[in-house]
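S.K.:
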Amino acid sequence: VYWLRDPRYGGSLVTLPVLVVIAVFLAFTGSDWFLSALGPVFAATLAITLCAEVAYDGTAFASHLSTGVSGVADRAGRVITLAILSIPLVVVATIVPLVVLDRSAQIPAVLGIGLGLLLTGFGVSSIASARFLMPVPAAGESPFKTPPGSTFTAQLGMYAAWLIIFALAIPELALGIAAIVTGNVVLGVAALVVGMALGAVLMVVGVRRGGALLERRGPELLASLTRARGA
Numbered sequence: 043v044y045w046l047r048d049p050r051y052g053g054s055l056v057t058l059p060v061l062v063v064i065a066v067f068l069a070f071t072g073s074d075w076f077l078s079a080l081g082p083v084f085a086a087t088l089a090i091t092l093c094a095e096v097a098y099d100g101t102a103f104a105s106h107l108s109t110g111v112s113g114v115a116d117r118a119g120r121v122i123t124l125a126i127l128s129i130p131l132v133v134v135a136t137i138v139p140l141v142v143l144d145r146s147a148q149i150p151a152v153l154g155i156g157l158g159l160l161l162t163g164f165g166v167s168s169i170a171s172a173r174f175l176m177p178v179p180a181a182g183e184s185p186f187k188t189p190p191g192s193t194f195t196a197q198l199g200m201y202a203a204w205l206i207i208f209a210l211a212i213p214e215l216a217l218g219i220a221a222i223v224t225g226n227v228v229l230g231v232a233a234l235v236v237g238m239a240l241g242a243v244l245m246v247v248g249v250r251r252g253g254a255l256l257e258r259r260g261p262e263l264l265a266s267l268t269r270a271r272g273a
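Here you go:
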């Protein structure tokens, strides 16, 4: 419901068409590297959106806590919802450009990188959103409004989450890049297998740890949300 009806969620996705336009423009100018990497770029962009989930709830998070839903169920529900939207987007953004560029042999490698980043991001963001609150516009406000407290320090948590995602995805990144550089399809398939397997493990670990953290810090997060909204 949030993803369909809350314009702030749509605002977080508005960058995706912009990225496509930039990639196509660069390809027409003779630089097609960005277009060929569009899938992993989508993955990195989408995975981090979960960091703002609790902040988007606002004081309505109180109703969420009062239901007694487990932290793991909360984290898993948010991940599944985003996965329904993001996995098809990443797959399409990977396959279509590479087919158009006549680089179909690179699909396993690039898809391995993209899915690895996405699944790993699900896990990292599940922990991050239970650990800190990102400054976001209040419900009903423009998704492009600069929220109160949106300082460089307040954004450090998100930057740190991105850094951790890429650090944890080094195995599939290394295999994928090696496959692309050498043209070795076997390495590309290995990157796909490692990206999906390692990403899935990290996602499950992140959901579990994020759920436990949410159960411990739920009241503290609600207090922070209430202060932020001036209630």
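Counting in the working numbering, the final residue of the sequence shown is number 273, and the numbers go up one at a time with none missing.
Just so it is clear, CB atoms sit at the ideal spot from N, CA and C, and this is done for glycine as well.
Bear in mind the structure is a predicted one, so any value in this text is a computation, not a measurement.
On a Cα-Cα basis, can you pick out the residue from Glu-262, Val-249 and Ser-266 that is closest to Ser-112?
M.R.: Val-249
S.K.: In its own chain, which residues sit with a C-beta less than 7 angstroms from the C-beta of Ser-128, not counting the 5 before and 5 after it?
M.R.: Excluding the 5 residues flanking it on each side, Ser-128 has same chain C-beta neighbours closer than 7 angstroms at Leu-88 and Leu-160, in chain order.
S.K.: Is the stretch 229-237 touching the stretch 151-171 in the sense that three or more CB pairs, one from each, lie closer than 8 angstroms?
M.R.: The answer is yes - the stretch 229-237 touches the stretch 151-171, with three or more Cβ pairs under 8 angstroms.
S.K.: With H, G and I counted as helix, E and B as strand and the rest as coil, what does DSSP make of Arg-145?
M.R.: coil
S.K.: At 4 residues or longer, what runs of the alpha helix (DSSP H) sit wholly inside the stretch 149-176?
M.R.: As far as the stretch 149-176 is concerned, its whole alpha helix (DSSP H) runs of at least 4 residues are 149-173.
S.K.: Thinking C-beta only, is Gly-165 closer than 8 angstroms to Leu-244?
M.R.: It is a contact, given that the beta carbons lie within the stated cut-off.
S.K.: For the stretch 78-92 against the stretch 115-126, are there 3 or more C-beta pairs whose distance is under 8 angstroms?
M.R.: They touch, by the three-pair rule.
S.K.: Smallest Cα separation from Val-56: which of Phe-84, Ala-102 and Ala-220?
M.R.: Phe-84
S.K.: Got a sec? Which residues, its chain only, sit under 6 angstroms from Thr-162 by beta carbon, not counting five neighbours each side?
M.R.: Ile-207, Leu-210, Ala-211, Gly-241 and Leu-244
S.K.: Going by beta carbon distance, what residues of the same chain come within less than 7 angstroms of Pro-82, once the five residues before and after it are set aside?
M.R.: Val-152, Ile-155, Gly-156 and Leu-159
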